[in-house]
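Chemist: In the numbering used here, the protein residues as written are 202 to 487.
Think of the CB as a built atom: it goes at the ideal place given N, C-alpha and C, for glycine as much as any other residue.
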Amino acid sequence: MNAICQAIAEATGKSTEFISASALGGGCINDAKRLVSSSGPFFIKLNQPSFLDAFQVESLALKEMGDTRTICVPQPVCNGIADGRAFLVLEFIEMGSPQTGSQTKAGQQLAAMHRNTGKAFGWHCNNTIGATPQHNPFTENWAEFYRRHRLGFQFDLAARGGQSFHGADKLLKRMEDYFEGYNPEPSLLHGDLWSGNIGYGRQGQPVIFDPATYYGDRETDLAFTEMFGGFGPEFYRVYDETWPRNSGFKMRKKLYNLYHYLNHHNLFGGGYSGTAQAIINDLLRH
202 MNAICQAIAE
212 ATGKSTEFIS
222 ASALGGGCIN
232 DAKRLVSSSG
242 PFFIKLNQPS
252 FLDAFQVESL
262 ALKEMGDTRT
272 ICVPQPVCNG
282 IADGRAFLVL
292 EFIEMGSPQT
302 GSQTKAGQQL
312 AAMHRNTGKA
322 FGWHCNNTIG
332 ATPQHNPFTE
342 NWAEFYRRHR
352 LGFQFDLAAR
362 GGQSFHGADK
372 LLKRMEDYFE
382 GYNPEPSLLH
392 GDLWSGNIGY
402 GRQGQPVIFD
412 PATYYGDRET
422 DLAFTEMFGG
432 FGPEFYRVYD
442 ETWPRNSGFK
452 MRKKLYNLYH
462 YLNHHNLFGG
472 GYSGTAQAII
482 NDLLRH
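#1: Classify T477 as buried or exposed, calling it buried when 16 or more other Cβ atoms lie within 10 Å of its own Cβ.
#2: Which residue or residues does DSSP assign as beta-bridge partners of Q335?
#3: Should K234 go down as buried or exposed, given a rule of 16 or more other Cβ atoms within 10 Å for buried?
#4: What would DSSP say about D411, mapped onto helix, strand or coil?
#5: Have a look at G285, S260 and T269 and flag the residue whose alpha-carbon is nearest the alpha-carbon of Q276.
#6: Identify, in the order they occur along the chain, each residue of the same chain with its Cβ nearer than 8 Å to the Cβ of I294, setting aside the five sequence neighbours on each side.
#7: So, is F436 buried or exposed, given that buried needs 16 or more other C-beta atoms within 10 angstroms?
#8: Which residue comes first and which comes last in the beta strand (DSSP E) that contains D232?
#9: Got a sec? Which residues, its chain only, sit under 7 Å from F354 by beta carbon, not counting five neighbours each side?
#10: From F425 to Y457, what distance separates their C-alpha atoms?
#11: For I480 versus A369, is the C-beta distance shorter than 8 Å?
#12: Out of G226, P242, I230 and N467, state which residue places its alpha-carbon closest to the alpha-carbon of T217.
#13: According to DSSP, simplified to helix, strand and coil, what is N447?
#14: N398 to S303, Cα distance in whole Å?
#15: Do T414 and N328 have their CB atoms nearer than 8 Å?
#16: Taking all protein chains shown into account, decide if G308 is buried (16 or more other Cβ within 10 angstroms of its Cβ) or exposed.
#17: For D357, tell me which candidate among G226, N464, A222 and S251 has the shortest Cα-Cα distance.
#18: What does the alpha-carbon distance come out to for the pair E292 and H367?
#19: If we require 4 or more residues per run, which alpha helix (DSSP H) segments fall completely within the region 370-449?
#20: Near Q310, what residues of its chain come up, given a Cβ to Cβ distance below 7 Å and the 5 sequence neighbours on each side ignored?
#21: By the DSSP assignment, the beta strand (DSSP E) with K246 in it spans what residues?
#22: Among the residues of its own chain, which have a CB less than 8 Å from the CB of P299, if the five just before and after it don't count?
#23: Can you name, in chain order, every residue of its own chain whose Cβ lies under 7 Å from the Cβ of A212, other than the five neighbours on each side?
#24: Could you give the distance in angstroms between the alpha-carbon of G528 and the alpha-carbon of E345?
#25: Between N467 and the rest of its own chain, which residues show a CB-CB distance below 7 Å, the 5 nearest in sequence each way excluded?
#26: Tell me whether T144 is buried or exposed, calling it buried when 16 or more other Cβ atoms sit within 10 Å of its Cβ.
#27: Could you give the first and the last residue of the continuous beta strand (DSSP E) run that contains A222?
Structural data, given as C-alpha cells:
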C-alpha cells in the first residue's frame, strides 16, 4: 500500500501517506480495498500483473463516461504494478441507499449519456466483459458488428469449451431480420449495466462503475438492466420520456441478453446454457 500511495502522490501532486486499508466485498474478479491516506480515501482494485491492461482500459472507459458530465462515475486516479500485483486507484464514493428520485435521476442521466454518439460501432480499444475478452473494432453496420463481435464470438468460445447451440448459425445469418425499420445510433454504453454495477451516493445520486464500454445500440444497456432486476418502473418511465425506446425493443432485448447468458455460460457454466438455447429457439420463431 505504501507503493500505491506513492503512485497516488505522483498522479495527484499531493503528499499521500498510508494510514490503513480494509477489504471491500461485492466483486468476483478483483480484490477490492478502501485505502485511507493522508490525502483522503481511495478505492483500490488489485489483481495479477496480467490484469494491468484491463485496469488501464477501465480507466479510459470511466474517463470517457465521466467526460460526458451526465451520470456520476468514480474518477480514475492511477494504475500500475506494486509488489507484484496490478492495481487501479479510483475516487472513493461513499455509498448510501436509493432515495426518492434516485431512479428518476438514473433514467434521465443514462439517457443523457446515451446521447453521446460516435461515428461507428465499436471502440478505440478492446476490453473485457467480466473476465471475457470483448473485441471492439469500429464497424459501420450494427447488425454485422453484433453478429461477429458479440454473439459470434461467444458461440465460438462456447464451442471451444465443448458446448454447441442448436440454431446458432441460423440465428447469426438472420441477424438483419431483427433490425428491419430500426437504425440505431452508436451510443456511448456502459456495456455491463446490471444492478451490481450501479450504486447510489449518500445524497441518492446514481453512480455507475465496472464498465465494459463501447459505442453500440443503447438498447443493449437497457436490456441488461432487466436481466437480473433492480431497476424500477420509474427508471424506465423517465428514460422513455427522455429518449423513447423503439417499439421493437421487446423482441430485441432477448437478442441482446442472449449475449450475457452466453457469456455467463462461458464464465460460470450452470444453467445458463439452457436459458441461452431457449432464447435462440424463441428468436428463431420470429
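Modeler: A quick look at the data gives this:
#1: Going by the sequence as given, residue 477 is Ala instead of Thr. Buried.
#2: N328
#3: buried
#4: coil
#5: S260
#6: F244, C273, P275, G400, G402 and V408
#7: buried
#8: D232 to S238
#9: H336
#10: 8 Å
#11: no
#12: P242
#13: coil
#14: 15 Å
#15: yes
#16: buried
#17: N464
#18: 45 Å
#19: 420-428 and 434-443
#20: T271, I272 and P407
#21: G241 to N248
#22: Y401 and G405
#23: V278 and C279
#24: This structure cannot settle anything about residue 528, because the visible part of the chain is limited to 202 through 487.
#25: T333, Q355, L358, A359 and G362
#26: Nothing can be reported for residue 144, as the shown portion of the chain is limited to 202 through 487.
#27: F219 to L225
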